[in-house]
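Data block below; observations after.
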Amino acid sequence: MKAAQFETHEPDTVEEAVSLLESLDDRAILAGGQSMVPMLRFRLAVPETVIDINCIDGLDYLEEEDGWLRIGALTRHADVEESALIDERYGSFADTAPLVADPQIRNRGTVAGAIAQADPKGDWGSVVLAHEGEVVAQGPDGERVIPAEDFFLLPYDTTLDENELITEIRVPTPAPREGSAYHKLKRKVGDYAMAGSAARLVLDEDGRIENAAIGLTAVDITNVRATDAEDHLEGERPGSEVFKRAGELAAEQSNPESDEHGDAGYKERMVNVLTQRALGDAAERAGLVKRRVSQ
Amino acid sequence: MTDTREITLTVNGTEHTIDVEPRQLLVHAIREELDLTGTHIGCDTGNCGACTVLKDGEPIKSCLMFATQADGSELMTVEGMEDLPEAGEDLHPLQEGFREEHGLQCGYCTPGMLMSGKALLDENPDPSEEEIREAISGNLCRCTGYQNIVRSIEYAAEELEAGEIAAADGGVVTDADGSTITPAEMTDADGEFDCGVENCCGGPMTDRDHDSIAGGESE
Numbered sequence: 001m002k003a004a005q006f007e008t009h010e011p012d013t014v015e016e017a018v019s020l021l022e023s024l025d026d027r028a029i030l031a032g033g034q035s036m037v038p039m040l041r042f043r044l045a046v047p048e049t050v051i052d053i054n055c056i057d058g059l060d061y062l063e064e065e066d067g068w069l070r071i072g073a074l075t076r077h078a079d080v081e082e083s084a085l086i087d088e089r090y091g092s093f094a095d096t097a098p099l100v101a102d103p104q105i106r107n108r109g110t111v112a113g114a115i116a117q118a119d120p121k122g123d124w125g126s127v128v129l130a131h132e133g134e135v136v137a138q139g140p141d142g143e144r145v146i147p148a149e150d151f152f153l154l155p156y157d158t159t160l161d162e163n164e165l166i167t168e169i170r171v172p173t174p175a176p177r178e179g180s181a182y183h184k185l186k187r188k189v190g191d192y193a194m195a196g197s198a199a200r201l202v203l204d205e206d207g208r209i210e211n212a213a214i215g216l217t218a219v220d221i222t223n224v225r226a227t228d229a230e231d232h233l234e235g236e237r238p239g240s241e242v243f244k245r246a247g248e249l250a251a252e253q254s255n256p257e258s259d260e261h262g263d264a265g266y267k268e269r270m271v272n273v274l275t276q277r278a279l280g281d282a283a284e285r286a287g288l289v290k291r292r293v294s295q
Numbered sequence: 001m002t003d004t005r006e007i008t009l010t011v012n013g014t015e016h017t018i019d020v021e022p023r024q025l026l027v028h029a030i031r032e033e034l035d036l037t038g039t040h041i042g043c044d045t046g047n048c049g050a051c052t053v054l055k056d057g058e059p060i061k062s063c064l065m066f067a068t069q070a071d072g073s074e075l076m077t078v079e080g081m082e083d084l085p086e087a088g089e090d091l092h093p094l095q096e097g098f099r100e101e102h103g104l105q106c107g108y109c110t111p112g113m114l115m116s117g118k119a120l121l122d123e124n125p126d127p128s129e130e131e132i133r134e135a136i137s138g139n140l141c142r143c144t145g146y147q148n149i150v151r152s153i154e155y156a157a158e159e160l161e162a163g164e165i166a167a168a169d170g171g172v173v174t175d176a177d178g179s180t181i182t183p184a185e186m187t188d189a190d191g192e193f194d195c196g197v198e199n200c201c202g203g204p205m206t207d208r209d210h211d212s213i214a215g216g217e218s219e
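Sequence order for the protein chains is A and B.
For the record, in the first sequence the residue sitting at position 189 is 189 according to full-length UniProt numbering, with numbers rising by one throughout.
For the record, in the second sequence the residue sitting at position 38 is 38 according to full-length UniProt numbering, with numbers rising by one throughout.
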């Protein structure tokens, strides 16, 4: 199916893009386009104008600066997948990137676009939640920083203002003794998650969990934090018993719907298992725990 | 009234300037404006990968971007393969691999598979089976299954490597003991590649047999 007719603008700067957002009524932002193009083609979105931001220079960065890992609005999934910095320091990002869709889509789709899309089955939302990250947006009145926690509102709906453009996703650089991981269940390559769990642990000098953060995929109306599990973990020593209870608490707090991929009870059990696995990897990557060889 | 925009696409080394509507997909521009129908439209939803082309060397799904977004870029489609320097008189080693290893039945997915295979071998000339499977994971085949497609790409990797050694050696492939073999000697009368291990690459067998005989990696 063909998209309905639209006009297209290709701003060269963020400022130009924001002023287009301000001056035009019925418009959509086009970044990587791997969700937006199908939405236009199936006429789920029928905007008069498409603002294609791909011509804006300098938005495709992936770097550490001033205590943040900064991911520009045009950084593709494949850029994260191929990054040595990510591979070395950000376990959950390294786990997630190759699990997003398929290689061709990862060459075009952007991390920021996926977060802006706010699909509750999207992976990056959980990762950014688990890293207690932020969304940086540019609007007519300047820059606004939105904690990831406050970003997701409903499926495909966020607290981004209608005249704002996301310019960056950022998460704090890892503390000493920090580790993170992402586990995802899907039926085949290219599928969205049936369930997913991103975990991040920060250990103190004694090896106790100082900070725990868990983000869940596809088991609620948005990507959500598993706060009960986090509370249970903090102050404890990492270990299979503690992780088992955290998995149960994450499952209890999750709210999946039955669908063709499985009933709600099955998905809750998967949240439990995926969370335990993510916690195990995160603890191992935090450096103080040797993983037991499974029987 | 429909506004069109002039864009320039360099496809398989040839520059084309065409007028497109903003809503025109790249795959439609390639097929309908440039008449290069080797790039297929399969699912029309971004899932199947039949429309895969290389944009500035990277595989992308041409049904998931608008033609205007490719303005100024270098594209490669299946039609460009036989003109590449590594292609022999007839087919590119990847295409040859799909023929030799029966990597297709209906052939619908093949152009996309070839593009994903090309992108892989450009980056990684000696991929493992797992790496090949990952590289074609965005391409669906509904007839052969993937076994022979993986073998086809392996075939191409070996051919390309042999070709490079031959080129560096002034046109002859050198065996380990220093004796020279011509490409014709590496294949039997049916054009089948023979690795030299008895009951290995010549006859019907399972993967497990192959691994145990050839001592290759198992999964």
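We put the CB at the ideal spot given by N, CA and C, even for glycine.
What you are looking at is a predicted structure, and each value in this text was computed from that prediction instead of being measured.
Does the beta-carbon distance from residue i to residue j come in below 7 Å?
i, j, result
"G117 of chain B", "G49 of chain B", "no"
"A198 of chain A", "A130 of chain A", "yes"
"C43 of chain B", "V27 of chain B", "no"
"R200 of chain A", "A282 of chain A", "yes"
"T17 of chain B", "T8 of chain B", "yes"
"V135 of chain A", "I146 of chain A", "yes"
"P103 of chain A", "P155 of chain A", "no"
"R195 of chain A", "M270 of chain A", "Note that residue 195 of chain A corresponds to Ala in the displayed sequence, not to Arg. Yes."
"N211 of chain A", "G247 of chain A", "no"
"I214 of chain A", "A226 of chain A", "yes"
"G97 of chain B", "A156 of chain B", "yes"
"A109 of chain A", "G32 of chain A", "The residue asked about is misnamed: residue 109 of chain A is Gly in this sequence, not Ala. Cβ atoms of G109 of chain A and G32 of chain A: closer than 7 Å."
"Y182 of chain A", "T75 of chain A", "no"
"L153 of chain A", "A137 of chain A", "no"
"R89 of chain A", "I51 of chain A", "no"
"R285 of chain A", "G179 of chain A", "yes"
"C109 of chain B", "C141 of chain B", "yes"
"E74 of chain B", "N148 of chain B", "no"
"L165 of chain A", "A17 of chain A", "yes"
"E81 of chain A", "R70 of chain A", "no"
"G46 of chain B", "P38 of chain A", "yes"
"L216 of chain A", "V224 of chain A", "yes"
"V14 of chain A", "T158 of chain A", "no"
What distance in whole Å lies between the Cβ atoms of residue j and residue i, which are believed to be in contact at a cut-off of 8 Å?
i, j, result
"L94 of chain B", "M81 of chain B", "7 Å"
"D220 of chain A", "N255 of chain A", "5 Å"
"M115 of chain B", "V150 of chain B", "Actually they do not touch by this definition, with Cβ atoms about 16 Å apart."
"G72 of chain A", "D60 of chain A", "5 Å"
"L160 of chain B", "P125 of chain B", "6 Å"
"L203 of chain A", "R245 of chain A", "About 18 Å separates the two Cβ atoms, so there is no contact after all."
"A118 of chain A", "T222 of chain A", "7 Å"
"A101 of chain A", "Q34 of chain A", "7 Å"
"L25 of chain B", "F66 of chain B", "6 Å"
Relative to the C-alpha of residue i, which residue among the options is closest?
i, options, result
"residue 359 of chain A", "A:S23, A:E16 and A:L44", "Absent from the model: residue 359 of chain A. The displayed extent of chain A is 1 to 295, so no value can be given."
"D141 of chain A", "A:L74, A:I214, A:P172 and A:S19", "A:S19"
"G139 of chain A", "A:D157, A:N163 and A:L153", "A:N163"
"E134 of chain B", "A:S92, A:A114 and A:P98", "A:P98"
"I169 of chain A", "A:V202, A:T159 and A:I115", "A:I115"
"L40 of chain A", "B:L34, B:G38, B:P59 and B:R23", "B:R23"
"P47 of chain A", "A:L24, A:T75 and A:G67", "A:L24"
"L21 of chain A", "A:L203, A:E236 and A:T8", "A:T8"
"E154 of chain B", "B:C143, B:E131 and B:A168", "B:E131"
"E241 of chain A", "A:A28, A:E260 and A:L279", "A:L279"
"K267 of chain A", "A:A112, A:R237, A:R187 and A:D204", "A:R187"
"D3 of chain B", "B:N12, B:V20 and B:T10", "B:V20"
"D66 of chain A", "A:P174, A:R144, A:D12 and A:S92", "A:P174"
"G122 of chain A", "A:N107, A:E205, A:D150 and A:H77", "A:H77"
"M113 of chain B", "B:A70, B:T68 and B:G38", "B:G38"
"L104 of chain B", "B:E123, B:A29, B:H92 and B:T144", "B:T144"
"N107 of chain A", "B:D56, B:A67, B:R99 and B:N12", "B:D56"
"K184 of chain A", "A:E143, A:E260, A:Q5 and A:R277", "A:R277"
"I53 of chain A", "A:L30, A:F42 and A:M36", "A:L30"
"E129 of chain B", "B:T10, B:E158 and B:L36", "B:E158"
"V53 of chain B", "B:V11, B:G88 and B:L91", "B:V11"
"E6 of chain B", "B:A166, B:H40, B:D122 and B:T68", "B:T68"
"P11 of chain A", "A:S35, A:T49 and A:F243", "A:T49"
"C106 of chain B", "B:L25, B:L36 and B:H40", "B:H40"
"P172 of chain A", "A:F243, A:W68, A:M36 and A:S92", "A:W68"
Count the C-beta pairs between the region 80 to 91 of chain A and the region 117 to 126 of chain B that are closer than 8 Å, then say yes if the count reaches three, no if not.
no
Runs of 3 residues minimum, wholly inside the UniProt domain "2Fe-2S ferredoxin-type" (5 to 81) of chain B: which ones carry the beta strand (DSSP E) assignment?
Here the runs fully enclosed are 5 to 11, 14 to 20, 52 to 55, 58 to 61 and 74 to 76.
Could you tell me which whole beta strand (DSSP E) segments of length 3 or greater appear in the region 81 to 116 of chain A?
none
Beta strand (DSSP E) runs wholly inside the region 184 to 250 of chain A, at least 3 long, in chain order:
195 to 203 and 209 to 217
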